[in-house]
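The sequence shown begins at 8 in the working numbering and counts up by one.
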Amino acid sequence: MIRVLIADDHKIVRDGLKRILSAQGDIEVAEAADGDEALALVKAHDYEVALLDMSMPGLSGIALIKRLKLQKPSLRILVLSMHGEQQYAARALKAGATGYLNKDSAAEQLVGALRKVAAGGVYLTDAAAQSLVAPDQSHDALSGREFDVLRLLVEGLGPTEIGERLHLSVKTVSTHKTRILEKLGLGSTAELVRYAIEHKLVQ
8 MIRVLIADDH
18 KIVRDGLKRI
28 LSAQGDIEVA
38 EAADGDEALA
48 LVKAHDYEVA
58 LLDMSMPGLS
68 GIALIKRLKL
78 QKPSLRILVL
88 SMHGEQQYAA
98 RALKAGATGY
108 LNKDSAAEQL
118 VGALRKVAAG
128 GVYLTDAAAQ
138 SLVAPDQSHD
148 ALSGREFDVL
158 RLLVEGLGPT
168 EIGERLHLSV
178 KTVSTHKTRI
188 LEKLGLGSTA
198 ELVRYAIEHK
208 LVQ
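As structure tokens, this is what we get:
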């Protein structure tokens, strides 16, 4: 039996994924509505694979992957994201994920990807593999935490909201923002949003 934890803040997505996986007969599914719940469940139970959305309230993204791997080093993590492979796959794998799947192709590839990851393999689409061999963007210089802050800034969240979401102080968020702008050679949040759109870092 392959024990899988699905972590996604959208119930309709969780229900859909659960239906696909439960129909296999040899896959047992648990679910979490956010990153904090996922971390608590991983602490309390043993799963072979965690199927993670990259963008959830609370703990999420690169920070969540790192925390889960710290808690259970043997846990296999398959990231399921609406964000394109070129932008996030390399970072997710560097943080400890063992596979990356875009939500657009999830229905067709999910079961095969999950079985490969559960068996100890790495699952990457062609686009994700390409992002590993050709990281040529300025934002590749950002740390995982800086990248999470960038993503939330672009979503329109302020320093206080970002601090609450990532469990950081407002001062730390401001420091990350300053470093992000410096590394990207940008002068304002508006320029950062434009940069993110141009480089397809947001939907």
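Backbone N, C-alpha and C define an ideal beta-carbon position, used for all residues, glycine too.
Using DSSP's beta-bridge definition, name the partner residues of residue i.
{"i": "Gly-106", "result": "Leu-85, Tyr-130"}
{"i": "Arg-10", "result": "Glu-35"}
{"i": "Asp-60", "result": "Leu-87"}
With a cut-off of 8 Å on the beta carbons, I'd call residue i and residue j a contact; round off their distance for me.
{"i": "Val-156", "j": "Leu-199", "result": "Contact doesn't hold; Cβ gap of about 10 Å is too wide."}
{"i": "Val-56", "j": "Ile-9", "result": "7 Å"}
{"i": "Leu-59", "j": "Ile-72", "result": "7 Å"}
{"i": "Gly-170", "j": "Val-180", "result": "5 Å"}
On the CB-based measure, 16 or more other CB atoms within 10 Å of its CB, does residue i come out buried or exposed?
{"i": "Thr-185", "result": "exposed"}
{"i": "Ala-148", "result": "exposed"}
{"i": "Ser-67", "result": "buried"}
{"i": "His-174", "result": "exposed"}
{"i": "Ser-88", "result": "buried"}
{"i": "Ala-126", "result": "exposed"}
{"i": "Arg-98", "result": "buried"}
Using only the alpha-carbon positions, how far apart do residue i and residue j sit?
{"i": "Asp-22", "j": "Leu-82", "result": "22 Å"}
{"i": "Ile-84", "j": "Leu-159", "result": "22 Å"}
{"i": "Leu-208", "j": "His-90", "result": "7 Å"}
{"i": "Tyr-54", "j": "Asp-16", "result": "19 Å"}
{"i": "Ala-96", "j": "Tyr-107", "result": "6 Å"}
{"i": "Glu-153", "j": "Ile-187", "result": "6 Å"}
{"i": "Ser-112", "j": "Arg-74", "result": "27 Å"}
{"i": "Ile-13", "j": "Ser-62", "result": "13 Å"}
{"i": "Lys-123", "j": "Gln-116", "result": "11 Å"}
{"i": "Leu-191", "j": "Gly-119", "result": "38 Å"}
{"i": "Lys-25", "j": "Arg-172", "result": "26 Å"}
CB of residue i to nearest heavy atom of the ligand HEM: below 7 Å?
{"i": "Arg-10", "result": "No copy of the ligand HEM appears in this structure; indeed no ligand is present at all."}
| Would you call the segment 156-172 and the segment 119-139 touching, i.e. three or more CB-CB distances under 8 Å? | no
| Looking at C-beta atoms only, is the number of pairs between the segment 91-111 and the segment 30-47 that lie closer than 8 Å three or more? | no
| request: Specify whether the segment 71-78 and the segment 36-50 touch according to this definition: at least 3 beta carbon pairs, one from each stretch, less than 8 Å apart. | output: yes
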